[in-house]
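A.B. asks:
Number of protein chains: 2
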Amino acid sequence: MSKTTIIAEPNKQEVIVHRTFEAPRELVSRMWIDPAFIPEWWGPSVMTTTVDSLEAARGGIWRFISRDPAGNEYAYNGVYHEVTLPERLVHTYEFEGIDAVALVTVTFESLPGGRTKLTETTLYPSIRIRDGALQSGMTEGMLELFDRFAALLASRT
Amino acid sequence: MSKTTIIAEPNKQEVIVHRTFEAPRELVSRMWIDPAFIPEWWGPSVMTTTVDSLEAARGGIWRFISRDPAGNEYAYNGVYHEVTLPERLVHTYEFEGIDAVALVTVTFESLPGGRTKLTETTLYPSIRIRDGALQSGMTEGMLELFDRFAALLASRT
């Protein structure tokens, strides 16, 4: 059962994802950018993800490489514009091979009972590119990613 | 006479600016990110602009401070996602005090006769924020900025 909400309104350039976790935001936000945990939750479980770079500070570069069971590699990268944990992250996002850079904002909001609402907003260069990303299976990948992250958090709390 | 074209379609989150310069793109692109020249063209001439930082490389930070005749200061900053001169720049953009980060892509295209077409696309977090920027006098500021840059280029060619 996934509790992830994905909002992609017609004719807009963004995708907004909400998910509430049963953990305080200090832990949620720290784990979100901890390179040691990325391979355990980032992307679908069928992929093997390695962290090439993750410098979680303004101007820092991140780059992840995912490998599918056939051995094909896919790489993703960006730079951090803002890292103000536990509140907020702003970074660029690029799927290597696709000539399009997106802007991602992640906010962590404390809720009563030690819970945390994560909101991830991804702003695409055009409606067409956003819609292409949505049709590429991104939605299923995101649902699984957030479930994996929630399970990992649950194992640590 | 300004030859700058500013395109801001209704209900979109972006502003696209085109300007053709009478100079080759190696010079145009190099001057565009040269901190020594920024004070001479960046922003309206009534402002005094200083470069606090300009590291033109992936992950590099830029920050400019503009001071109006009354002494009020306005600061702008961002990080570079991509610096592949003479073709392209991708960087974030933030007007300090306004909680909104935009994504800027600048391309330099060679035209016959040693001319260069510059295209700057600024992607805002929302239509509302884009429209607010447009209504704040940004358009006039941009027209002047591109005229100043063209005049500076002309003085160097």
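Listed in order, the protein sequences are those of chains A and B.
So the first sequence is numbered by the working numbering: it starts at 207 and just counts up by one.
So the second sequence is numbered by the working numbering: it starts at 207 and just counts up by one.
Think of the CB as a built atom: it goes at the ideal place given N, C-alpha and C, for glycine as much as any other residue.
Just so we're clear, the structure is a prediction, and the values are computed from it rather than from any experiment.
For N283 (chain A), which of B:T327, B:G277, B:P245 and B:G265 has the nearest alpha-carbon?
C.D. replies: N283 (chain A) has its Cα closest to that of B:G265, out of B:T327, B:G277, B:P245 and B:G265.
A.B. asks: State the CB to CB distance for the pair V307 (chain A) and L309 (chain B), rounded to an integer number of angstroms; the pair is presumed to be in contact (CB under 8 Å).
C.D. replies: Yes, they are in contact, since the Cβ atoms of V307 (chain A) and L309 (chain B) sit about 7 Å apart, within 8 Å.
A.B. asks: Looking at T328 (chain B): is its Cβ nearer than 9 Å to the Cβ of Y299 (chain B)?
C.D. replies: Yes, the pair counts as a contact, with Cβ atoms nearer than the cut-off.
A.B. asks: Please tell me whether D258 (chain B) and I271 (chain B) are closer than 9 Å, where the distance is taken between their beta carbons.
C.D. replies: Yes.
A.B. asks: What are the boundary residues of the alpha helix (DSSP H) that includes G343 (chain B)?
C.D. replies: Per DSSP, G343 (chain B) belongs to no alpha helix (DSSP H) and is neither H nor E.
A.B. asks: How is A357 (chain A) classed by DSSP in three states: helix, strand or coil?
C.D. replies: Three-state result, A357 (chain A): helix.
A.B. asks: Run through the DSSP bridge pairs and tell me what L295 (chain A) is partnered with.
C.D. replies: A:V289 and A:V312, per the DSSP bridge assignment.
A.B. asks: To the nearest angstrom, how far is the alpha carbon of L260 (chain B) from that of P241 (chain B)?
C.D. replies: Cα to Cα, L260 (chain B) sits roughly 6 Å from P241 (chain B).
A.B. asks: Counting C-beta neighbours from all protein chains within 10 Å, is the total for Q219 (chain A) 16 or more, i.e. buried, or is it exposed?
C.D. replies: With 16 or more Cβ atoms within 10 Å of its Cβ, Q219 (chain A) is classed as buried.
A.B. asks: On the CB-based measure, 16 or more other CB atoms within 10 Å of its CB, does A339 (chain A) come out buried or exposed?
C.D. replies: Classification of A339 (chain A): buried, given that the 10 Å Cβ count is 16 or more.
A.B. asks: At a CB distance below 8 Å, what residues from the segment 287 to 304 of chain B approach chain A? Give them in sequence order.
C.D. replies: Residues passing the 8 Å Cβ filter: H287, E288, V296, T298 and E300.
A.B. asks: Kindly list the residues whose CB is nearer than 8 Å to the CB of R236 (chain A), restricted to its own chain and excluding five residues on each side of it in sequence; keep chain order.
C.D. replies: So the qualifying residues of the chain are L291 and P292.
A.B. asks: Which residues in chain A sit within 7 Å of R264 (chain B), going by Cβ to Cβ distance?
C.D. replies: Within chain A, the residues near R264 (chain B) are I267 and V285.
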